[in-house]
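**Student:** My structure is below; once you've seen it, I'll send some questions.
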Amino acid sequence: MKIVITPNEILNHPTREVTEFDENLRKTVREMEEILRNQRNPEGVGLSANQVGLNLRLAVVRLNPDEQDSTPHFLTIVNPRIVSQSADITEEYEGCLSIPNHYGPLPRAQAVTVQFQDLKGETLTIKATAFLARIFQHEIDHLDGKLITERSAGPFLTEAELEEKFREKKPS
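Counted the way my numbering counts, the sequence shown spans residues 25 to 196.
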């Protein structure tokens with residue numbers, strides 16, 4: 025299993041609902057978690073199934089995204105949907121593992137409530153704010169076949185350009 029890079033068509037189409045909650049699904053999730061643990065992807069905080077070439081409405085989200093040095097804790101969301109979101113919108117730069125070295129400004133709700141199924145098929149609800157809410161929205165966009173390149177007003181920056189932009193904003 026490896027990360028699919030644009031312009032792969034699987035990234036541009038909505039994924040199909042998961043109906044089988046079996047060992048194959050659990051194995052897929054373990055492999056997706058391993059990709060996010062991989063040292064070559066330390067910035068990866070979420071991964072949708074279509075990003076690894078699978079047409080499944082499934083994503084893995086890192087629950088401690090701001091703690092890159094600690095052991096990652098993941099939440100698997102199966103058949104997720106946003107059931108409510110705050111009116112408060114924040115625009116921040118986002119990147120994507122499927123669009124390497126491109127970061128664009130995206131407006132996102134500051135808080136979301138997401139309904140999903142776990143690996144047993146049980147329906148759960150989670151409320152997320154700030155960066156974690158942004159991650160859920162990003163991954164659900166993937167599952168809906170939407171990329172950051174479609175949602176951002178741009179301009180897109182490389183990692184070096186983004187670092188320079190924020191270095192310029194810091195007071196001396």
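For every residue, glycine included, the Cβ atom is placed at its ideal position computed from N, Cα and C. Computed from a prediction, not measured in an experiment: that's the story for all the values here.
Which residues mark the beginning and the end of the alpha helix (DSSP H) in which T147 is found?
**Tutor:** Counted from its first residue, the sequence shown places residue 147 at position 123. No alpha helix (DSSP H) contains T147, which is instead part of the beta strand (DSSP E) from T147 to T153.
**Student:** How would you call M56, buried or exposed, if buried means at least 16 neighbouring beta carbons within 10 angstroms?
**Tutor:** For this step, residue 56 is matched to residue 32 along the sequence shown. Classification for M56: buried.
**Student:** Report the partner residues of E118 according to the DSSP bridge assignment.
**Tutor:** If you number the sequence shown from 1, residue 118 lands on position 94. E118 pairs with G128.
**Student:** Keeping to the same chain, check which residues put their C-beta closer than 7 Å to that of T153; ignore five residues upstream and five downstream.
**Tutor:** Reading the sequence shown from its first residue, position 129 is the one you call residue 153. Hits under 7 Å: Q134 and A135.
**Student:** If you run the structure through DSSP and keep just helix, strand and coil, what is V76?
**Tutor:** Counted from its first residue, the sequence shown places residue 76 at position 52. Looking at V76 - three-state DSSP - the assignment turns out to be helix.
**Student:** For N36 and L99, what's the separation of their Cα atoms in angstroms?
**Tutor:** As a working note, residue 36 is residue 12 in the sequence shown. As a working note, residue 99 is residue 75 in the sequence shown. If I take the Cα positions, the gap works out to 24 Å.
**Student:** I'd like to confirm the pairing. Which residues does DSSP put opposite V136 in its beta bridges?
**Tutor:** Here the question's residue 136 lines up with position 112 in the sequence shown. DSSP output for V136 lists Q109 and A152 as bridge partner(s).
**Student:** Of the choices R61, N48 and G77, whose alpha-carbon is the least far from that of P38?
**Tutor:** Position 14 of the sequence shown, counted from the start, is the residue given in the question as residue 38. Measuring from the Cα of P38, the nearest candidate turns out to be G77.
**Student:** Going by Cα to Cα distance, which pick from T149, E118, D165 and D142 is closest to L186?
**Tutor:** One-based indexing of the sequence shown puts residue 186 at position 162. It is E118 whose Cα lies nearest to the Cα of L186.
**Student:** Please list, in chain order, all residues of the same chain as I34 whose beta carbon is under 7 Å from its beta carbon, the five residues on each side excluded.
**Tutor:** The count along the sequence shown starts at 1 and reaches residue 34 at position 10. Cβ within range, chain order: V28, N74, G77 and N79.
**Student:** Counting Cβ pairs closer than 8 Å, one from the region 103-118 and one from the region 153-173, do we hit at least three?
**Tutor:** yes
**Student:** Kindly indicate which residue of D46, T95, I172 and L130 has the alpha-carbon position closest to the one of E146.
**Tutor:** Start at 1 with the first residue of the sequence shown, and residue 146 comes out as number 122. For E146, the nearest C-alpha among the options comes from D46.
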